[in-house]
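Colleague: Dropping a structure here in structure tokens format, bear with me for questions.
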Amino acid sequence: METDRGSQPFVLGLVRCLRGLDRGMERLGRATAWLTLALVLMVAGDVLFRYVWHVGSVAEQELQWHLLAVIAMISASYTFQQNEHVRVDIFYQHYSPRARQILDIIISLLIVVPSMLFLAWMCLDFVYQSWSLNEGSPDPGGLPARYVIKAFVPLGFALVAWQGIVRGLIDLITLMAGRSSEVRDGT
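In terms of the working numbering, the sequence shown opens at residue 63 and continues consecutively.
In structure tokens, the structure reads:
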């Protein structure tokens, strides 16, 4: 079904906005990739110091775990944005492009978004309690602000939900617009 001419500027503006949000998620994901390099260098340095000079640091090991947690929580939304998430491709690959697009819309808007928002909501008490206690590491020499890293748990779920909304709306608008390259490309 084609959109009417009166709604074209609104739809094109909405798609441009959604594409901008999509690009923002891509930039965030690429920045997170650099955190992976930092993590690899930290682990290599930790191994070098422990086995060559017999010097270790609880804080450095905890920082590695915290960095890995941030990478995992942010990378989930980037993976979804890049369409590289886990899917049952043995069925999906046999569907027509239109059927795949409809399935993607349903999964994005009716499964991913509500489930990620539910998980984010369920984590809020966990994070609130950690912040209110000013929680730090229980280990001597550990990092003092463990509550900061715990905030990334609901944030990660919220980012996946946000990406589900963006991706689902882009797919929905593209589906409703038919084969309009203007809407699909956001121009």
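Ideal Cβ placement from N, Cα and C applies to all residues, glycine included.
When we look at the beta-carbon of residue 57 and count the other beta-carbons within 10 Å, is it buried (16 or more) or exposed?
Modeller: Outside the displayed range of the chain (63 to 249) lies residue 57, so it cannot be described from this structure.
Colleague: At a cut of 8 Å, does the region 77–84 reach the region 218–235 through at least three beta carbon pairs?
Modeller: Taking 8 Å as the limit for Cβ pairs, the verdict is that the region 218–235 does touch the region 77–84.
Colleague: How big is the Cα-Cα spacing for residue 92 and residue 105?
Modeller: Going from the Cα of residue 92 to the Cα of residue 105 covers about 21 Å.
Colleague: May I have the straight-line CA-CA distance separating residue 124 from residue 173, to the nearest angstrom?
Modeller: Using only the alpha carbons, I get a separation of about 34 Å.
Colleague: Mind pulling the alpha helix (DSSP H) runs of 4 or more residues that sit fully within the region 129–179?
Modeller: Correct list: 151–154 and 159–168.
Colleague: So, is residue 175 buried or exposed, given that buried needs 16 or more other C-beta atoms within 10 angstroms?
Modeller: Residue 175 should be labelled buried.
Colleague: Report the rounded CA-to-CA distance for residue 148 versus residue 134, giving the unit in angstroms.
Modeller: One C-alpha to the other measures close to 15 Å.
Colleague: Inspect the CB distances between the region 109–117 and the region 194–207 and report whether three or more fall short of 8 Å.
Modeller: The region 109–117 is not in contact with the region 194–207.
Colleague: Round the Cβ separation of residue 254 and residue 129 to the nearest angstrom and send it over; I've been treating them as touching at under 8 Å.
Modeller: The chain is shown from 63 up to 249; residue 254 falls before or after that span and cannot be answered.
Colleague: On the CB-based measure, 16 or more other CB atoms within 10 Å of its CB, does residue 182 come out buried or exposed?
Modeller: Under this definition residue 182 is a buried residue.
Colleague: Checking 8 Å against the spacing of the C-beta atoms, do residue 88 and residue 108 come in under that value?
Modeller: No, Cβ-Cβ distance for residue 88 and residue 108 is not below 8 Å.
Colleague: The alpha helix (DSSP H) spanning residue 80 covers which residue range?
Modeller: Residue 80 -> alpha helix (DSSP H) spans 70–114.
Colleague: Between which two residues does the alpha helix (DSSP H) containing residue 234 stretch?
Modeller: Segment 214–238, the alpha helix (DSSP H) holding residue 234.
Colleague: Measure the alpha-carbon distance for residue 178 versus residue 220 and round it to whole angstroms.
Modeller: About 6 Å.
Colleague: Under a three-way DSSP split, which group does residue 195 fall into?
Modeller: Residue 195 falls in the coil class under three-state DSSP.
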